[in-house]
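These notes concern the structure reproduced below.
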Amino acid sequence: DAKTTQPNSMESNEEEPVHLPCNHSTISGTDYIHWYRQLPSQGPEYVIHGLTSNVNNRMASLAIAEDRKSSTLILHRATLRDAAVYYCILRVSNFGNEKLTFGTGTRLTIIP
Amino acid sequence: EAQVTQNPRYLITVTGKKLTVTCSQNMNHEYMSWYRQDPGLGLRQIYYSMNVEVTDKGDVPEGYKVSRKEKRNFPLILESPSPNQTSLYFCASSLGRNRLYEQYFGPGTRLTVT
Numbered sequence: 001d002a003k004t005t006q007p008n009s010m011e012s013n014e015e016e017p018v019h020l021p022c023n024h025s026t027i028s029g030t031d032y033i034h035w036y037r038q039l040p041s042q043g044p045e046y047v048i049h050g051l052t053s054n055v056n057n058r059m060a061s062l063a064i065a066e067d068r069k070s071s072t073l074i075l076h077r078a079t080l081r082d083a084a085v086y087y088c089i090l091r092v093s094n095f096g097n098e099k100l101t102f103g104t105g106t107r108l109t110i111i112p
Numbered sequence: 113e114a115q116v117t118q119n120p121r122y123l124i125t126v127t128g129k130k131l132t133v134t135c136s137q138n139m140n141h142e143y144m145s146w147y148r149q150d151p152g153l154g155l156r157q158i159y160y161s162m163n164v165e166v167t168d169k170g171d172v173p174e175g176y177k178v179s180r181k182e183k184r185n186f187p188l189i190l191e192s193p194s195p196n197q198t199s200l201y202f203c204a205s206s207l208g209r210n211r212l213y214e215q216y217f218g219p220g221t222r223l224t225v226t
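For the protein sequence lines, the chains are A and B, in the order given. According to the numbering used here, the stretch in the first sequence is residues 1 to 112, in order. According to the numbering used here, the stretch in the second sequence is residues 113 to 226, in order.
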């Protein structure tokens with residue numbers, strides 16, 4: 001599986017935007033970029049995914065670099081509830097296991 | 113409400129005493145999977161199932177068994193638990209068919225084997 005690199009931790013002030021970076025320099029043309037997060041004492045939770053174009057949903061936005069070697073998850077207005085570990089995961093569609101390969105992720109701390 | 117449920121949420125047991133952790137989803141999902149989460153090792157897949165009666169090993173299947181007799185249920189069985197199976201376990205499900213739909217995770221089961 002292609003690998004992703006994320007900062008170990010980040011801090012942000014409440015009600016401010018947060019940009020969480022992810023590097024995936026060995027991404028292939030068929031890899032989708034997925035983001036999950038894990039709130040304290042909970043299971044991982046899907047956030048967003050994309051292939052080439054930027055994507056928006058009710059939780060976040062995903063900005064994908066033109067060469068697809070990096071991407072940024074954007075939380076537009078962080079709340080205390082957004083404190084979690086965020087995982088950037090590459091996924092390829094194939095007829096088989098849909099395993100998610102979690103790295104170490106970025107631990108996001110929100111400062112009130 | 114669409115959800116994945118696991119039971120029990122917490123379990124302390126002794127070495128060698130067989131146990132089952134149940135997982136159930138109410139979304140008619142085809143794909144289900146079990147992960148364990150350990151400090152410093154992240155989440156690792158134990159077993160997965162692409163549909164009823166179709167199961168296969170993940171990355172760390174030793175010491176575990178699964179079954180998929182019904183679409184909604186995917187129990188994890190530890191025939192003879194050992195202390196190295198002390199971990200946090202998560203069940204996950206998705207629509208499947210390799211269309212990379214989002215996966216839904218259960219709340220987790222914290223297992224301690226003494």
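For glycine and all other residues, C-beta sits at the position ideal for the given N, C-alpha and C.
Taking C-beta separations shorter than 6 Å and ignoring five residues to either side along the sequence, the partners of B:Thr224 in its chain run Ile124 and Thr198, following chain order. A residue is called buried once 16 or more other Cβ atoms fall within 10 Å of its Cβ, and B:Asp150, having fewer, is exposed. By the C-beta density criterion, A:His76 is exposed, having fewer than 16 other C-beta atoms within 10 angstroms. A direct Cα-Cα distance of roughly 43 Å separates B:Pro187 from A:Glu66. For B:Phe202, the nearest beta carbon of chain A is closer than 8 Å to its own beta carbon. For B:Lys169, the uninterrupted beta strand (DSSP E) segment begins and ends at Val166 to Lys169.
Taking 9 Å as the cut-off between beta carbons, the residues of the stretch 92-109 of chain A near chain B are Val92, Ser93, Asn94, Phe95, Gly96, Asn97, Glu98, Lys99, Leu100, Thr101, Phe102, Gly103, Thr104 and Gly105, in sequence order. The C-alpha of A:Pro7 lies about 18 Å from the C-alpha of A:Ala78. By the rule that beta-carbons nearer than 8 Å mark a contact, B:Gln157 touches chain A. B:Tyr160 reaches chain A at Asn97, Glu98 and Lys99, counting residues in chain order whose Cβ is nearer than 8 Å.
Rounded to whole angstroms, A:Leu108 and A:Thr30 show a C-alpha spacing of 29 Å. For B:Gly175, the closest Cβ of chain A is not nearer than 8 Å. When the five nearest sequence neighbours on each side are left out, the beta carbons in the same chain lying within less than 7 Å of the beta carbon of B:Ser194 are those of Thr127, Gly175 and Val225, in order along the chain.
Going by beta carbons, A:Leu100 and B:Gln215 fall inside the 8 Å limit. Chain-ordered listing is empty here: chain B has no CB closer than 8 Å to the CB of A:Tyr86, the nearest sitting near 13 Å.
Per DSSP, B:Val172 lies in no beta strand (DSSP E) and is assigned neither H nor E. In the DSSP assignment, the residues bridged to A:Met10 are A:Leu108. Its Cα nearest to that of A:Gly105, the residue A:Leu20 stands out among A:Arg68, A:Ala60, A:Leu20 and A:Ser25. In the structure shown, the three-state DSSP call for A:Asp67 is coil.
Of all residues in the stretch 138-158 of chain B, only Tyr143, Ser145, Tyr147, Gln149, Gly152, Gly154, Leu155, Arg156 and Gln157 come within less than 9 Å of chain A when Cβ atoms are compared, listed by chain position.
DSSP, reduced to helix, strand and coil, places A:Pro17 outside both helices and strands of the structure shown, so it counts as coil.
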